[in-house]
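Asks:
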Amino acid sequence: ENALENIPIMAYSAKYASSFYGPFREAAESAPQFGDRKAYQMDPANSDEAIREISLDVNEGADIIMVKPALPYLDIICRARQEFDLPLAAYNVSGEYSMIKAAAKLGWLDEEKAMLESVTAIKRAGADILITYWAKDLAKVLAT
235 ENALENIPIM AYSAKYASSF YGPFREAAES APQFGDRKAY QMDPANSDEA IREISLDVNE
295 GADIIMVKPA LPYLDIICRA RQEFDLPLAA YNVSGEYSMI KAAAKLGWLD EEKAMLESVT
355 AIKRAGADIL ITYWAKDLAK VLAT
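For the sequence shown, my numbering assigns the number 235 to the initial residue and increments by one for each residue that follows.
Set out below in C-alpha cells:
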C-alpha cells in the first residue's frame with residue numbers, strides 16, 4: 235500500500251509490565267496519570283503469552299522480534315530463539331542499566347564486568363540484536 239515492503243519491521247513482540255522501565259519513565263515524565271500499563275503489557279508470570287504474541291507478530295509479517303526488558307526475561311529470549319527463526323532483539327532497559335550503574339557508584343560491583351556479564355547473558359540466551367544504554371561503552375570495551 236505504501237511501497238515500504240523493503241523496510242524491515244521490528245515488533246515489540248514480548249513487552250512485559252515491568253518495574254525496570256521506571257528510570258526512563260521518570261526522566262521522560264511519562265508515568266501513567268491513571269491506572270497502569272498492565273492492560274496492554276504482559277504479565278511477568280505468564281511466559282506462554284509471550285510466545286503467543288511473538289507468533290502473532292511473525293504471522294503478521296514481523297522481520298525482527300523483540301523481548302523487553304531483557305535480563306528478567308532471559309528464559310523468554312531463549313524460548314523465542316528455539317521457536318522462531320527470525321532475528322531476535324533484546325532491549326536492555328533503563329532500570330537494568332541504572333541498577334548496575336547505582337551499584338557500581340556505591341562500590342558494590344565493577345561496572346564494566348557487570349555490563350559485560352549482562353550482555354553476555356543476553357547474547358547467550360539467544361539474542362541477535364541488543365538494544366542498550368551501554369552501546370557506546372560496550373563498543374569501546376569490545377574495540378580494545
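Virtual Cβ for every residue (Gly too), placed ideally from N, Cα, C. Just so we're clear, the structure is a prediction, and the values are computed from it rather than from any experiment.
1) I believe isoleucine 288 touches phenylalanine 318 by the beta-carbon criterion, under 8 Å. Please report the beta-carbon distance rounded to the nearest angstrom.
2) Isoleucine 310 and alanine 284 look like a contact to me (Cβ under 8 Å); what is the Cβ gap, rounded to whole Å?
3) With a threshold of 16 other CB atoms inside 10 Å of the CB of alanine 373, please say whether the residue is buried or exposed.
4) Of all the options Leu308, Leu376 and Leu320, which has the alpha carbon lying nearest to the alpha carbon of glutamate 359?
5) By the 10 Å Cβ neighbour count, where 16 or more other Cβ atoms means buried, how is threonine 366 classified, buried or exposed?
6) Got a sec: does the ligand ATP put a non-hydrogen atom nearer than 7 Å to the Cβ of aspartate 309?
7) Please state whether the Cβ-Cβ distance between alanine 248 and alanine 296 is less than 8 Å.
8) Between the C-alpha atoms of glutamine 316 and glutamate 330, what's the straight-line distance to the nearest angstrom?
9) Quick one: Cα of alanine 261 to Cα of tyrosine 250, how far?
10) Taking the straight line between their C-alpha atoms, what separation do you get for leucine 376 and tyrosine 325?
11) Just reading off the alpha helix (DSSP H) that leucine 364 is part of, what are its end residues?
Replies: In terms of the structure at hand:
1) Isoleucine 288 to phenylalanine 318, Cβ: 6 Å. Contact.
2) That pair is a contact at about 5 Å.
3) Counting of Cβ neighbours within 10 angstroms places alanine 373 among the exposed residues, the total staying below 16.
4) It is worth fixing the name first, because residue 359 is alanine in this sequence and not glutamate. Each of Leu308, Leu376 and Leu320 was checked against the Cα of alanine 359, and the nearest Cα belongs to Leu308.
5) Result: buried.
6) What this structure holds is no ligand at all, so the ligand ATP is not there to describe.
7) No, Cβ-Cβ distance for alanine 248 and alanine 296 is not below 8 Å.
8) Distance between the alpha carbons of glutamine 316 and glutamate 330 is about 24 Å.
9) At alanine 261 the pLDDT is 44, less than 50, meaning the model places this residue with poor confidence; the figure from the coordinates comes in the next sentence. Between alanine 261 and tyrosine 250, the C-alpha separation is close to 20 Å.
10) Approximately 19 Å, taken between the alpha carbons.
11) Careful: leucine 364 lies outside any alpha helix (DSSP H), inside the beta strand (DSSP E) at 363 to 366.
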